[in-house]
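Colleague:
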Amino acid sequence: MAKTIFEKPVRELHGAFTKGGFISRRKTYRDSKGRILGMSEPETYKIENPRDWKKNPATGKELEHQLRFKQASAETFRILHPSTPEELATLQMWQSRFEAQLNKPEPDAPVNPKTGKRKQYFRLDAFIRTCILRQLQ
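According to this note's numbering, the residues represented by the sequence shown are 44 to 180, in order.
1) Answer with buried or exposed for THR71, where buried requires no fewer than 16 other C-beta atoms within 10 angstroms of its C-beta.
2) Can ALA101 and GLN109 be called in contact, C-beta distance under 7 Å?
3) Would you check if the distance between the CB atom of THR119 and the CB atom of ILE171 is smaller than 7 Å?
4) Does the Cβ-Cβ distance between LYS162 and ALA152 come in under 7 Å?
5) So LEU167 and GLN138 are supposed to be a Cβ contact under 8 Å. How far apart are they, rounded?
6) Just the Cα atoms here: how many angstroms apart are ALA59 and GLU86?
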């Protein structure tokens, strides 16, 4: 993936401009009130050789990882959509933990190889899912 540097007056580009062309994007992370928490680096990439999952399905460690991710995603969905007061309390606990890690990363969070610092998450769903994945491993 290429790092994209824009010149004035262009600030950002989104999507592919031709069929099969390069895709440009920049992710924006917002809190529940719509305030911008952070933005990713602009990136440009092209999907040249997509995988044929019917001819080359996942096996071994790759399949195990996909199944763990599926399990963590299902648990995250259940947490984010509470139906009982206990589940609502659990969601509030996750939200407070998420907001706390915005100021100071959690001690067991993975280290970002680019910065050498603990990773901070700007999306609640991603934060919950990665915490659950760490517990499943």
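We treat Cβ as the ideally placed atom computed from N, Cα and C, and that holds for glycine.
Since the model is a prediction, treat every value here as computed from it, not as a measurement.
Modeller: Answer, in terms of the structure:
1) exposed
2) yes
3) yes
4) yes
5) 7 Å
6) 12 Å
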